[in-house]
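Undergrad: I am attaching a structure below and will ask some questions about it afterwards.
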Amino acid sequence: MSAAAAFVVWAGAAAIVLADGRRSLALGLGLIAVGLGAVTWTVAGWPAALLLLIGGGVAAARRLRSGPPGWMFMPPGSTPRLILSIFGGLVALWIAVVVAGGGSAETRYAALVVIGMMVARILLGRDPAMVFTAATAVALAVAAAASLSPADPGLAPYAIAALVAAGTAFLPAASPRAA
Amino acid sequence: MQPELAVGLPAAGAAATVMLRPRPRVALAAGLGLGAAGLAAIVLNDERASNLVGVSLSISPFSRALLIAAAASLAVMVMFAPARTERSVLLAWGLAAIAGMAAVAAAPSLDVVVEIVLAMAILQAATEGKRPIATRLRAPALAAALLAVTLLLARAEGPALLSRFVAVGLVAGLVAAVGLLPYIHEFDPEEATWASPISWIGFAGPVLAVAILARAGDLVQSAGGVLGALLIGIGLVNVVWGTLASWRTASGASAWHYSFMADWGLVLCGLGVPIVEGRSAAVLVFFGLLLGRLPLYIWSRQALRERVQTDHPVNLLVAAMLAGAAPFAGFAARVLLLRSATELFWPLALVLAVTLLFWLPSSLRLGRSLGLPKGRQLAGVSITLAINVAIGLYPEPVLRLAGL
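Each protein sequence line maps, in turn, to chains D and C. For the first sequence, the working numbering gives the first residue as 9, with consecutive numbering after it. For the second sequence, the working numbering gives the first residue as 93, with consecutive numbering after it.
Okay, here's the thing in structure tokens:
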């Protein structure tokens, strides 16, 4: 189940990398929330997973209402993004399984692939909806990574990630203006 | 209960100030009242952990000292704000930042610190500013990602080399969050201070750096030397780059931005030296940054816009303070830093001593760019100079406050 959930997380991250429309961004965020929730459940239990699912779910639902309309999946000039989504997944897999050993490789992979691909998206992107979606996904992934902590992190990282995800969805994106 | 109040009261103050913005005086009074209560909670905080909200929170003496300095800096900036600055907005953003900084200082783990940094970056990116949202979010998001990946690597089993990568990741994340070389945040001179990179490098950065490095010990047990060497190396590069760029850059506001980097270079060197005097030097530079350089930057913005440069005694005094001349706080910091570097590895002290000379031309330029302060600004500049002289002559209370 964890391996399948990690694949779902990669699919969600790829959807955000490959598309610009709000439906695609919402779908990607939803997949990431479901996948991260599932891998977190196996390590940290259902309350942590539920928090991630709620935060990600609210963010995905709100994303459906703002941002560029439609799917805009793989618009012209998307070849570099396609390469990023495939190689990003492979590099994360190599690091999570080969370079870094130990248990919970699925959680490690899921967190790594989201953080890596979303930061690449933030560095390359310009649209506020996309940037905030990627930042929300990073917040959820950081919380999922906290489940690997040797000391019990409690529910704080998951609760804060859920708040950040849900809160970001309600933020008005101010456009740049002259001073 | 103090850590919760230290976070909650400034946050409530920021919210109240924003909601009451149509009535500026009421907004200012509400913000100042709640901010003062938050400051009292920080001052009265002891090191004991509090568990009121189900999370164990505690603020270290080092972080507490920096929070107090940040709150004092905000009070000075708001009370003596330039005429064109909307004081309630400055206060609201300052209180929001202090709430975030207190949360960072009290966070139970580095994971929570990363989440809070991300929240602060998103909130700042959503405000009105001159730079695009993506540009404003880029560096802090990269910092959060670097720190998160570092945590993942630190918790994995792997080759010994992995712990060195953890040290590199921690320093890279810290430098990216603050906005130092090689991750300098894009700077727009016309942007409001609270939306600009100055809010990271000049206000939130000190507490964040202490929070990250205080938790680094557990993560890099076998690579502590690598961490220290990286801090010193990056620090020296920033000292040289910051001072030279601050002297030679065409834009006056950018010169101020680079001067913050130079100060941070000294801080990184101090934090990299594994001797208590190094940390003492870092504390004093942080105090100089929060209670000297940041308010002076705010007051110089009007003169920078009007391209006014003056050579009055007050400009020379400000230049001396920024250059770390005696009897200001920067001088005591430099003496402590040189002493600790000599104890660690004397050629390092030699290199540091040479780089300290680079401060002179840039500080003279920055001092002139302040213009001739009058009225409220002159009072503010006088208070800033007096605080810096007091710390420079008798740094013991500040160091004791920081637990050193």
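C-beta: ideal position from N, C-alpha, C; glycine also.
Quick check: is the beta carbon of residue 197(D) nearer than 9 Å to any beta carbon in chain C?
TA: The requested residue 197(D) is not part of the displayed model; chain D covers only 9 to 187.
Undergrad: Are residue 121(D) and residue 100(D) touching if we call contact CB-CB under 9 Å?
TA: Contact flag set, yes.
Undergrad: Can you list, in chain order, the stretches of the alpha helix (DSSP H) that have 4 or more residues and sit fully within the stretch 241-319 of chain C?
TA: Here the runs fully enclosed are 253-270, 297-306 and 308-311.
Undergrad: Taking Cβ-Cβ distances shorter than 9 Å, what residues in chain C pair up with residue 110(D)?
TA: Neighbours of residue 110(D) on chain C, chain order: 247, 248, 249 and 250.
Undergrad: Compare the beta carbon distance of residue 44(C) and residue 169(C) with 9 Å and say whether it is the shorter of the two.
TA: Only positions 93 to 496 of chain C appear in this structure, which leaves residue 44(C) out of reach.
Undergrad: Tell me which residues of the stretch 222-238 of chain C have at least one Cβ-Cβ distance to chain D shorter than 8 Å, keeping chain order.
TA: From the stretch 222-238 of chain C, only 222, 223, 224, 225, 226, 229, 230, 233, 234, 236 and 237 have a Cβ closer than 8 Å to chain D.
Undergrad: When the cut-off is 9 Å and only beta carbons count, does residue 314(C) lie next to chain D?
TA: Answer no: the Cβ-Cβ gap between residue 314(C) and chain D never drops below 9 Å.
Undergrad: Counting only C-beta atoms, is residue 157(D) closer than 9 Å to chain C at any point?
TA: True, the Cβ-Cβ gap to chain C drops below 9 Å.
Undergrad: With 9 Å as the threshold, decide whether the Cβ of residue 207(C) is near any Cβ in chain B.
TA: Chain labels in this structure do not include chain B; the protein chains are D and C.
Undergrad: For residue 210(C), return the contacting residues in chain D, with the cut-off set at a CB-CB distance below 8 Å.
TA: 143, 146, 147, 150 and 172, listed in chain order.
Undergrad: Consult DSSP for residue 109(D) and reduce its assignment to one of helix, strand or coil.
TA: Three-state result, residue 109(D): strand.
Undergrad: Residue 142(C) bridges to which residues according to DSSP?
TA: Answer is 149(C).
Undergrad: Using a C-beta to C-beta distance shorter than 9 Å, which residues of chain D count as neighbours of residue 390(C)?
TA: Going along chain D, no residue has its Cβ under 9 Å from residue 390(C), so there is no contact; the nearest lies around 14 Å.
Undergrad: Less than 7 Å between C-beta atoms, sequence neighbours within five positions excluded: which residues of the same chain meet that for residue 59(D)?
TA: Closer than 7 Å at the Cβ level, and outside the excluded window around residue 59(D), lie 163, 166, 167 and 170.
Undergrad: Who are the neighbours of residue 200(C) on chain D, taking C-beta pairs under 8 Å?
TA: Here the neighbours are 161, 162 and 164.
Undergrad: If we count the other Cβ atoms within 10 Å of its Cβ and call it buried at 16 or more, is residue 158(D) buried or exposed?
TA: Answer is exposed; the Cβ neighbour count stays below 16.
Undergrad: Return the CA-CA distance between residue 236(C) and residue 344(C), expressed in angstroms with no decimal places.
TA: Answer to the nearest angstrom: the Cα atoms are 30 Å apart.
Undergrad: Only counting the same chain, and skipping five residues up and downstream in sequence, which positions put a Cβ closer than 7 Å to that of residue 137(C)?
TA: 94, 95, 98, 151 and 156, listed in sequence order.
Undergrad: Taking C-beta to C-beta, are residue 415(C) and residue 356(C) nearer than 9 Å?
TA: Not a contact, by the Cβ cut-off of 9 Å.
Undergrad: Can you list, in chain order, the residues of its chain whose CB lies under 8 Å from that of residue 118(C), leaving out five sequence neighbours each side?
TA: Same-chain partners within the cutoff: 112.
Undergrad: From what residue to what residue does the alpha helix (DSSP H) around residue 400(C) run?
TA: Per DSSP, residue 400(C) belongs to no alpha helix (DSSP H) and is neither H nor E.
Undergrad: Helix, strand or coil, according to DSSP, for residue 67(D) in the structure here?
TA: Correct three-state label for residue 67(D): helix.
Undergrad: Straight-line CA distance for residue 107(C) to residue 41(D)?
TA: When rounded, the distance between both Cα atoms is 30 Å.
Undergrad: Determine the closest residue to residue 224(C) out of 171(C), 242(C), 279(C) and 238(C), with distance taken between C-alpha atoms.
TA: Comparing Cα positions, the closest option is 279(C).
Undergrad: Measuring alpha carbon to alpha carbon, tell me which of 332(C), 281(C) and 299(C) ends up nearest residue 208(C).
TA: Looking at the Cα atoms, 299(C) is the closest of the given residues.
Undergrad: Looking at the unbroken alpha helix (DSSP H) that takes in residue 497(C), where does it start and where does it end?
TA: The question about residue 497(C) has no answer, for chain C in this structure spans 93 to 496.
Undergrad: Output, in chain order, the set of chain C residues within a Cβ distance shorter than 8 Å of residue 168(D).
TA: Chain C residues near residue 168(D): 204, 207, 208 and 211.
Undergrad: Do you know offhand how far residue 115(D)'s Cα is from residue 241(C)'s?
TA: C-alpha separation (whole angstroms): 12 Å.
Undergrad: Could you name the residues of chain C that residue 180(D) contacts, counting a contact when the two beta carbons are closer than 7 Å?
TA: Result: 218.
Undergrad: Give me whichever residues DSSP pairs with residue 27(D) in a beta bridge.
TA: Answer is 81(D).
Undergrad: Less than 8 Å between the CB atoms is what I'm expecting for residue 411(C) and residue 455(C), so what's the real figure, rounded?
TA: Right, the Cβ-Cβ distance comes to about 5 Å (below 8 Å), so this counts as a contact.
Undergrad: Is there a Cβ of chain D sitting closer than 9 Å to that of residue 97(C), yes or no?
TA: Not an interface residue.
Undergrad: Is the beta carbon of residue 273(C) closer than 9 Å to that of residue 239(C)?
TA: No, they are not a contact pair.
Undergrad: Looking at the secondary structure, which residues open and close the alpha helix (DSSP H) in which residue 113(C) lies?
TA: Here residue 113(C) belongs to no alpha helix (DSSP H), and DSSP marks it neither H nor E.
Undergrad: In whole angstroms, what is the alpha-carbon distance linking residue 102(C) and residue 129(C)?
TA: Roughly 8 Å between the two C-alpha positions.
Undergrad: So, is the C-beta of residue 185(D) closer than 9 Å to a C-beta in chain C?
TA: At residue 185(D) the pLDDT is 45, less than 50, meaning the model places this residue with poor confidence and gives no usable figure here.
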